[in-house]
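These notes are about the structure you will find just below.
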Amino acid sequence: MAEEKPKLHRQAMCDRLAMEFQDDWIVNLGVGMPTLCSNYVDPTKDLIFHSENGVIGYGPLAPAGEEDRHLVNAGGQNVVPMPGMAIVHHADSFALIRGGMVDVTVMGAYEVAENGDFANWRIPNRKGGGIGGAMDLAACAKQVFIAMEHTTRDGKPRMLKRCALPITAPGVVTLVATDLGLFKITPDGFELREHAPGWNPEEIQELTEADLIIPSDLKEFRFRD
Amino acid sequence: MKNKIYQTFDEAVADVADGSTFMSPGFSGVGVPRNLLAALHRQGASGLTGISNNCGTLDEKVDVGTLIEAGQVKKMYAAFTSPTHPSQISPFVRMYNEGTIDAETVPQGTLAERIRAAASGIGAFYTPASVGTELAEGKEHRKINGRTYVLEYPLHADYALIRAWRADEFGNLQFRLAQRNFNPIMAMAARVTVVEIEDEIVPVGELDPDKIHVPGVYVNRLVKIPPDGIFD
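So, in structure tokens, the structure goes:
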């Protein structure tokens, strides 16, 4: 059974997305899985981590005993300040976001569609939603990366032709890391760039609703050095 | 100079009438005016409309959810109107599903800008956030220089309950790190701004004018958190 084969761990998925961060980028990490991206630090790159509560330039998670209760990231985790950190209020923090300063935002999602739509704020049959800053970020960051499991807990595809859930923003996702591989969103749909070890394209396609483009230079998933 | 210093939180919120609109800042538990919210809970005003990033958390700490659970709030404007995990059923979620409280879900940046617009005398503004989603349905759209925006209106309030780090007696405020979040814009947007102070209230003239985050002209009432108050 294909489902019983080992899949990629969350940290490996986030490491892989973090490898795409470029020198001097302003990076915004969503709550949950995406915060793992900050565990991968490439010393050759200067990255500025922005959190929507107005912290520009925070560092790694604070070691136990060294937490400052006034300094948290978007997920409420205590972080340490980096030299040069700046603080602004919430309206200015979102001015930075809508103003196009954020180079990439990494978010979790329930669904991603081949046209770049994604859904991560509302579950059907329940009132309300947890938007947070996701709609502002998705509409205005230069790129949107998604980290999510390839299928739902009961095995249904999350990589779809069109989102079934209410979307967070239309046509914005550029790159998706799942526990089965790395996928680029192209004008023609999902392109499988890298596959998880032990998984072939046919097996990944079986768990994907949208048709995958399989390039001739398909590679195995790249792990951190 | 008018005395803005109140000795107790209860005195500082005593005149909040039924049906008032209040703003409650804070993000991930930082910069939440817990002492003033506890006082408003004791005071018992009802039929309130709340403006806040979320609708209360599941921990035991006093927050806007304390007022919601007590049935004091009829409507919330918030960026989070559902739990982040389906198993987290807060009092708000239960009441929202039962239909005993109303809510409007607002993207966080739009929420902040609607508050800032209220503070700044702006009649409305166009934002790209939420375009193409169900939250933009029914709102006025406009294409400007090739990009589509939705029209959003200001959010005013009768009261802002604020948590700051330090103040002078005139009400000039300073915040510490991520405590700032929604606090400055809410302090500027409400008709009456009431502030709880963590560190100290210093005499006028002791704060560097270049290091003031909210000018005292916006601040009406100050209460120093006593040693047995809530600091986190």
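For the record, the sequence lines run as chains S and G.
Counting from 1, one number per residue, gives the positions in the first sequence under my numbering.
Counting from 1001, one number per residue, gives the positions in the second sequence under my numbering.
Glycine included, C-beta positions come from ideal geometry on N, C-alpha and C.
Since this is a predicted model, take the numbers as computed values, not measurements.
Below-8 angstroms beta-carbon distance, residue i vs any chain G residue
i	result
I87/S	yes
K156/S	no
I131/S	yes
V144/S	no
F49/S	no
N125/S	no
V55/S	yes
D103/S	no
I97/S	yes
A210/S	no
F94/S	yes
Those residues which DSSP pairs with residue i across a bridge
i	result
H195/S	G181/S, E220/S
Y58/S	P81/S
D1168/G	V1202/G
F1231/G	The partner list for F1231/G (beta bridge, DSSP) is empty, contrary to what the question assumes.
L165/S	Answer is none; L165/S lacks a bridge partner.
G130/S	F1080/G
A86/S	I56/S
D1102/G	K1075/G
Coarse secondary structure for residue i, derived from DSSP in three states
i	result
K1074/G	strand
D1010/G	helix
F36/S	Checking the displayed sequence, the identity of residue 36/S turns out to be Leu instead of Phe. DSSP places L36/S in helix when its eight states are reduced to three.
N1183/G	helix
K1004/G	coil
M107/S	strand
K1211/G	helix
P1265/G	Beyond the ends of chain G as shown, which are 1001 and 1232, falls residue 1265/G; an answer cannot be given.
R1163/G	strand
Y1126/G	strand
H50/S	strand
A64/S	coil
A18/S	helix
F1027/G	strand
Alpha-carbon spacing of residue i relative to residue j, whole angstroms
i	j	result
I26/S	I56/S	9 angstroms
R224/S	R16/S	7 angstroms
G155/S	E4/S	12 angstroms
G1216/G	L1173/G	7 angstroms
R1112/G	Q143/S	Note on residue identity: the sequence assigns Ala, not Arg, to residue 1112/G. Distance between the alpha carbons of A1112/G and Q143/S is about 23 angstroms.
K958/G	L175/S	For chain G, the structure presents residues 1001 to 1232; residue 958/G sits outside this window and is missing.
G75/S	M1001/G	42 angstroms
H195/S	E1098/G	46 angstroms
G1065/G	D103/S	35 angstroms
I213/S	M85/S	42 angstroms
T208/S	S1020/G	51 angstroms
M101/S	G129/S	26 angstroms
P83/S	I48/S	11 angstroms
R1191/G	T186/S	51 angstroms
D292/S	L165/S	The first residue shown for chain S is 1 and the last is 225, placing residue 292/S beyond what the model contains.
V80/S	I204/S	39 angstroms
H1141/G	V31/S	30 angstroms
Y1159/G	H1041/G	14 angstroms
Q1072/G	A18/S	45 angstroms
CB contact check: residue i to chain S, cutoff 8 angstroms
i	result
Y1096/G	yes
I1185/G	yes
E1206/G	no
D1232/G	yes
Short Cβ contact (8 angstroms threshold) for residue i with residue j
i	j	result
I1185/G	R1094/G	no
I1068/G	P1083/G	no
A1045/G	F1009/G	no
V1204/G	K1004/G	no
T1127/G	R98/S	yes
I131/S	A1079/G	yes
F1182/G	N1054/G	no
A1189/G	A1164/G	no
V1150/G	A1187/G	no
Got a sec: which bits of the region 1157 to 1184 of chain G sit with their beta carbon under 9 angstroms from any beta carbon on chain A, in order along the chain?
Among the chains of the structure shown, chain A does not appear; the protein chains present are S and G.
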